[in-house]
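**Student:**
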Amino acid sequence: MKRRILALIMASVMTLSLAGCGGYNQSGSQAPAAGSESASESTEASASAASASSDLNVMLETPVQSLDPQQATDGTSFEVIADFTDGLMQMDSDGQAVNALAESYELSDDGLTYTFHIRDDANWSNGTPVTAADFVFGWQRAVDPEVASEYAYMLSDIGQIKNAAEIIAGEKDKSELGVTAVDDKTLKVELNVPVSYFLSLMYFPTFYPVNEEFFNTCPDTYGTSPETTLSNGAFVLDTYEPAATAIHLTKSEDYYDAEKVQLSGINYQVIQDSQQALMSYQAGDLDMTLVNGEQVDQVKDDPAFKAVGAGYLWYVSPNMDSVAELNNLNIRKALTMAIDRDSITTGVLKDGSAPTYTAVPMDFAAGPDGSDFSADQEKFSDVCKFDAEAAADYWSKGLEELGIESLELDMIVDADDAPQKVAQVLKEQWETTLPGFTVNLVIEPKKQRVQDMQDGNFQLGLTRWGPDYADPMTYLGMWVTDNSNNYGLWSNSEYDSIIAECTTGDLATDAEARWNRLYDAEKIVMDDAVIFPLYTQCNAEMVNTNVSGIDFHPVALNRVYKSAKKN
């Protein structure tokens, strides 16, 4: 049964597959350090050098936040980390988990013990073999309270690795984590309960290995420069520093699967203005760029245009813990019912993104019968839809209960182009529909916005979450009491109990019953307006027609370049 569940989960993914230093670029010349030139000059110089080779020139809309696999939390960082690091498994073109650093594995009959056998030809870029001990060290870092990884729960609540929860809570030492290096090339992993999607977790960066000897040479600066980064993957990082507007990676000739890698390298350019990015693409300085809004109308008939499901759910999170007005359910219901999601996706984004009315987005998780968990987008229409009259009524009731006649709130928003456009529309819709409501938009760099939300230093926050693995728990697990991604600090004991049932309780091994209880959990979130769902993101991209073989995925890693080719 467990293997069948995994197959069904991965089948759902198949249906979607549509420290400051100067590095050296491919021509061997000194690459500019960030800040030594203007951003545009640095970008142009980098692009010019790369375009003379088979480097792929890729636009990023946000800077990398961290290249430490156990500290990274955002999709951009995950993508770059995965360029130069492999895990035990990887995704094939259809999104299925296939062997990477693990040449093979066995699963015990009770589903509680995985034994992975690591490839003999897997090496780090300094020539050191990749060993089971590298995974033990990396995973112990992930659960170490002193490291305070935001994704530690991936090993405990999600991966159910033995003793992970107790270590995170400070009750046991990290050495007691249920992962053992049997020998240099054999890794044993012990679970609390069978986890049907466990193999799909193995290509997620939090589970990547870290070489302890190398890490100890730069513990305070690890992952902040090419010199403090070690590769075992298809590419090697050679130009990067924190907040850089240009990042470069070169193909690793020592990669075990180097014959498959056709690109000479990847040249990333951080361009947060969408019009500038499109102009760079049209000038030949980019092979790939995102487009949105009116740009889509300009390029939608171009053969290079494609709409790709990205899996991200965009939503507004209300801070119910420190903002008394947002602790009022009628106020929250008014806010979510006043949102015209269709106008956002069709009038602002125009990139194929779908209006979403559920806490779990569509098209990434299939149940025991193969059906999409969120196919029914009307099941919560009594609490989540566009209804201006109902919104105004909830608003009036909420103000009366609070004893106020007007309300002014701040909403923090990423400095990127698309979120700012969406936030402006939300402001207009709310202020038009809800009398006496004023919304102030506070634009912040993404890293600051995320930090403010994690610290509870916000009132409303426009944010997103992408699925880390193909199961509804990747979303529903966020709203458990005290989860680091539970930005509104909402707490509900019944909800916590349901999630526990589905992870470590009796339902963990009963696929159908578990699925039904996950629906119950989602209903609690929606009925209590814990979040205001907006849309499921679809990336509108321009991909030069001389580029092929890029694998696009809605789960974990949105873009993978190991099979990409540039003619």
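Take 459 as the starting number for the sequence shown in my numbering and just add one per residue.
Just so you know, even glycine gets a beta-carbon here, dropped at the ideal spot from N, CA and C.
1. From which residue to which residue does the alpha helix (DSSP H) around Glu-564 run?
2. Out of curiosity, what's the CA-to-CA distance linking Cys-479 and Tyr-680?
3. Just list the beta strand (DSSP E) runs in the region 816-863, keeping only unbroken ones of 3 residues or longer that don't cross its boundaries, in chain order.
4. By DSSP's criteria, Arg-922 is part of a beta bridge. Which residues make up the other side?
5. Let's test the definition: count the other Cβ atoms within 10 Å of the Cβ of Ala-627 and tell me whether it reaches 16, buried, or not, exposed.
6. So for Asp-513, helix, strand or coil by DSSP?
7. Taking the alpha-carbon of Ala-998 as reference, which of Tyr-713, Thr-794 and Pro-761 has the nearest alpha-carbon?
8. Short check: CB of Phe-838 to CB of Thr-816, under 8 Å?
9. Would you tell me roughly how many angstroms separate the C-alpha atoms of Tyr-1019 and Glu-624, rounded to the nearest one?
10. I'd like to know whether the C-beta atoms of Pro-819 and Tyr-666 end up nearer to each other than 8 Å.
11. Which ranges would you report for the alpha helix (DSSP H) in the region 689-726 if only whole runs of at least 4 residues count?
12. Could you pull out every residue in the same chain whose Cβ sits closer than 6 Å to the Cβ of Trp-923, ignoring the five residues on either side in sequence?
13. Would you kindly check if the distance between the Cβ of Val-806 and the Cβ of Val-880 is under 8 Å?
14. Using the Cα positions of Leu-934 and Ile-957, report the straight-line distance between them to the nearest angstrom.
15. Express the C-alpha separation of His-1011 and Gln-554 in angstroms, rounding to a whole number.
16. Can you give the Cα-Cα distance for Ala-489 and Asp-712, rounded to whole angstroms?
17. Got a sec? Which residues, its chain only, sit under 7 Å from Glu-537 by beta carbon, not counting five neighbours each side?
18. Applying the 10 Å Cβ sphere with the 16-neighbour rule, what's the burial state of Val-1013?
19. Does the distance from the C-beta atom of Leu-721 to that of Ala-530 stay below 8 Å?
20. Anyone know if the C-beta pair for Trp-973 and Tyr-953 falls short of 8 Å?
21. Between which two residues does the beta strand (DSSP E) harbouring Met-660 extend?
22. Going straight from the alpha carbon of Asp-642 to that of Ala-591, what length do you get?
23. Please state whether DSSP places Thr-891 in a helix, a strand or coil.
24. For Leu-947, count neighbouring Cβ atoms within 10 angstroms of its own Cβ and tell me buried if that reaches 16, exposed if not.
25. Cβ of Tyr-945 within 8 Å of Cβ of Ser-775?
26. Below 8 Å on the Cβ atoms is my contact criterion, and I expect Phe-831 with Pro-930 to pass it. Report the Cβ-Cβ distance as a whole number of Å.
27. Here's the rule: buried if 16 or more other CB atoms are within 10 angstroms of the residue's CB, otherwise exposed. What is Val-640?
28. Using CA atoms only, rank isn't needed, just tell me which of Leu-657, Asp-696, Glu-699 and Phe-673 is closest to Tyr-563.
29. Look at the Cβ atom of Ile-619, then the Cβ atom of Leu-645, and state whether they are nearer than 8 Å.
30. What residues are listed by DSSP as bridge partners for Cys-996?
31. Could you have a look at Leu-1015 and say whether DSSP puts it in helix, strand or coil?
32. Would the region 667-686 and the region 603-611 be scored as touching if the rule is three or more Cβ pairs under 8 Å?
33. Please work out which residues of its chain come closer than 6 Å, Cβ to Cβ, to Val-1005, disregarding the five sequence neighbours upstream and downstream, and give them in chain order.
34. Is Ala-491 helix, strand or coil when you go by DSSP?
35. Between Glu-902, Asp-851 and Lys-709, which has its C-alpha nearest Gln-730's C-alpha?
36. Where Thr-747 and Thr-571 are concerned, what is the direct C-alpha to C-alpha distance, given to the nearest angstrom?
**Tutor:** The relevant details are as follows:
1. Looking at the DSSP string, Glu-564 is not in any alpha helix (DSSP H); the run it does join, the beta strand (DSSP E), is 560-565.
2. Caution applies to Cys-479, whose pLDDT of 26 falls short of 50 and renders its modelled position unreliable; the value that the coordinates give is listed next. Cα-Cα distance, rounded: 14 Å.
3. none
4. Trp-772
5. exposed
6. strand
7. Pro-761
8. yes
9. 37 Å
10. no
11. none
12. Leu-771
13. yes
14. 8 Å
15. 10 Å
16. Below a pLDDT of 50, predicted positions are generally treated as unreliable, and Ala-489, at 31, falls in that range; the measurement from the model is reported next regardless. So the two alpha carbons sit approximately 23 Å from each other.
17. Leu-1015, Asn-1016 and Arg-1017
18. buried
19. no
20. no
21. That residue, Met-660, is in no beta strand (DSSP E); it is neither H nor E in DSSP.
22. 7 Å
23. helix
24. exposed
25. yes
26. 5 Å
27. exposed
28. Leu-657
29. no
30. Gly-767
31. coil
32. no
33. Asp-745 and Lys-1024
34. In this predicted model, Ala-491 has a pLDDT of only 29, less than 50, meaning its place in the structure is not dependable; the value taken from the coordinates is given anyway. Correct three-state label for Ala-491: coil.
35. Glu-902
36. 43 Å
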